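Everything on this sheet refers to the single structure shown next.
Number of protein chains: 2
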Amino acid sequence: MRLTTKGRYAVTAMLDLAFHSQIKPVTLTDIAARQTISLSYLEQLFARLRRAGMVKGVRGPGGGYKLCRKTSDINIADIIAAVNEPLDSTKCGGEANCQKDQACLTHDLWMGLSEQIRDYLKGISLADLLEKNQVQEVAIRQHHDAQQVIEIYRHPD
Amino acid sequence: MRLTTKGRYAVTAMLDLAFHSQIKPVTLTDIAARQTISLSYLEQLFARLRRAGMVKGVRGPGGGYKLCRKTSDINIADIIAAVNEPLDSTKCGGEANCQKDQACLTHDLWMGLSEQIRDYLKGISLADLLEKNQVQEVAIRQHHDAQQVIEIYRHPD
DNA sequence: ACTTAACCTAGCAAAATAGTCAACTATTGT
DNA sequence: ACAATAGTTGACTATTTTGCTAGGTTAAGT
Chain A
1 MRLTTKGRYA VTAMLDLAFH SQIKPVTLTD IAARQTISLS YLEQLFARLR
51 RAGMVKGVRG PGGGYKLCRK TSDINIADII AAVNEPLDST KCGGEANCQK
101 DQACLTHDLW MGLSEQIRDY LKGISLADLL EKNQVQEVAI RQHHDAQQVI
151 EIYRHPD
Chain B
1 MRLTTKGRYA VTAMLDLAFH SQIKPVTLTD IAARQTISLS YLEQLFARLR
51 RAGMVKGVRG PGGGYKLCRK TSDINIADII AAVNEPLDST KCGGEANCQK
101 DQACLTHDLW MGLSEQIRDY LKGISLADLL EKNQVQEVAI RQHHDAQQVI
151 EIYRHPD
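In order, the protein sequences belong to chains A and B.
Position 80 of the first sequence, counting from 1, maps to 80 under the UniProt record's numbering, and the rest follow consecutively.
Position 88 of the second sequence, counting from 1, maps to 88 under the UniProt record's numbering, and the rest follow consecutively.
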């Protein structure tokens, strides 16, 4: 389990998607604008997320991306694993050069630790994160903004 | 909290140090040989660990490095944090450009998650990891002893 | 003095990260 | 049918991080 900014980008984008794709698909352009991530970088990340079966692309006007599963069925560990290269189990990938070595022992130790972190992140879903914090405040504000837009369009004078 | 191979190297080296520095300081050359990490890279890592007050260097012949604290008082999160750059809190470092933005909210969300991981790793000490290692060694030794016992009982003459 | 090993500095190659550009294909509203 | 939208792909570039090399200086034991 590797934790870098790449994983953070992926989780952030998925959070954005989860939040905004309730009604209709969300374009990467929108996510890029909201989260200040470059569009093309997002394309790369979402290509991996799509291959991992986490999101689905909808083409044509009104298209975009939407989640394949419920937010409660998508966990953080899977998102991060999807955008990262499958970490090669390093030097002692079961080979003979590292059987009775102490290097292999500490390696096992680290692998165990890594596994614990993965399990920990597997226990946190998108829904958990969405539930937290002042996300609702944003909902209210954005609803308000949307209302204003409606007002403007309603009275175009 | 960032999790990369760099942090793994640091934890591995600290484990080696904790395991071998019971009697006298351990040279980086020894650790480099045992853990197959380049000497100079270890020097870089230990420079940071030293500045973080986790290890102490002893110069001259018979010198090397030793831990500043008990293994039970050294946790994994601190080791990893010591060798990593202090991650700039990114774009919205409390500035005005990101106050009511949604980008800042998801950022907060990620920071919260990161904090959870840090707390989790803070709860794991070197002593904890060593204990596991010890258990394994004991298991191996006991297996070996058991074999000898079997031998003895097989040829009791 | 001489050796040992920490400590320091600069630099470098490979990899990962982050982002750009351009061409292409599929879908849909009009 | 056609134009607009939006996903898809691949190649390409810049920056940062990683892991390592090579060369020193400094402190402490023999």
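Where is the CB? At the ideal position from N, CA and C, for every residue including glycine.
Please read all numbers here as calculations on a predicted model, not as lab measurements.
Pick from the options that is closest to residue i, judged by C-alpha positions
i       : options                                  : result
A:Leu42 : A:Met111, A:Gly123, A:Ser125 and A:Ala10 : A:Ala10
A:Val83 : A:Met1, A:Leu3 and A:Gly7                : A:Gly7
A:Gly63 : A:Lys24, A:Arg69 and A:Arg48             : A:Lys24
B:Glu85 : B:Tyr65, B:Gly53 and B:Leu45             : B:Leu45
A:Arg69 : A:Gly53, A:Val26, A:Leu15 and A:Thr12    : A:Gly53
B:Leu15 : B:Ser40, B:Tyr65, B:Arg2 and B:Ala47     : B:Tyr65
Any chain B beta carbon closer than 7 Å to residue i
i        : result
A:Tyr9   : no
A:Tyr65  : no
A:Tyr41  : no
A:Leu126 : no
A:Lys6   : no
Beta carbon proximity, residue i to chain A, threshold 7 Å
i        : result
B:Leu49  : no
B:His20  : no
B:Leu109 : yes
B:Arg2   : yes
B:Glu95  : Low confidence applies here, because B:Glu95 scores a pLDDT of 42, under 50, leaving its location unreliable and the question unanswered by this model.
B:Leu129 : yes
B:Gln99  : Here B:Gln99 scores only 39 on pLDDT, less than 50, and its place in the model should not be relied on; the value that follows carries that caveat. It does not; no Cβ of chain A falls within 7 Å.
B:Leu17  : no
Cα-Cα separation between residue i and residue j, rounded to whole angstroms
i        : j        : result
B:Thr29  : B:Val55  : 16 Å
A:Ser38  : A:Ala32  : 6 Å
B:Val58  : B:Gly123 : 29 Å
A:Arg51  : A:Ile117 : 24 Å
A:Ile79  : B:Met111 : 17 Å
A:Asp128 : A:Thr71  : 8 Å
B:Gln22  : B:Ile74  : 15 Å
B:His20  : A:Thr4   : 32 Å
A:Leu67  : A:Ser125 : 13 Å
B:Leu130 : A:Glu115 : 17 Å
A:Asp119 : A:Arg48  : 21 Å
A:Arg2   : B:Arg2   : 8 Å
B:Arg34  : B:Ser40  : 15 Å
B:Ile76  : A:Pro61  : 50 Å
A:Leu17  : B:Leu121 : 29 Å
B:Thr12  : B:Leu113 : 25 Å
A:Gln136 : A:Ala81  : Per-residue confidence for A:Gln136 stands at a pLDDT of 48, beneath the threshold of 50, marking its modelled position as unreliable; no derived number is given.
Residue span of the alpha helix (DSSP H) that contains residue i, given as start and end
i        : result
B:Gly7   : Thr5 to His20
A:Glu131 : Leu126 to Glu131
**Asked** Could you give the uninterrupted runs of the beta strand (DSSP E) lying entirely in the region 23–77 of chain B, keeping only those of 3 residues or more?
**Response** 55–58 and 64–67
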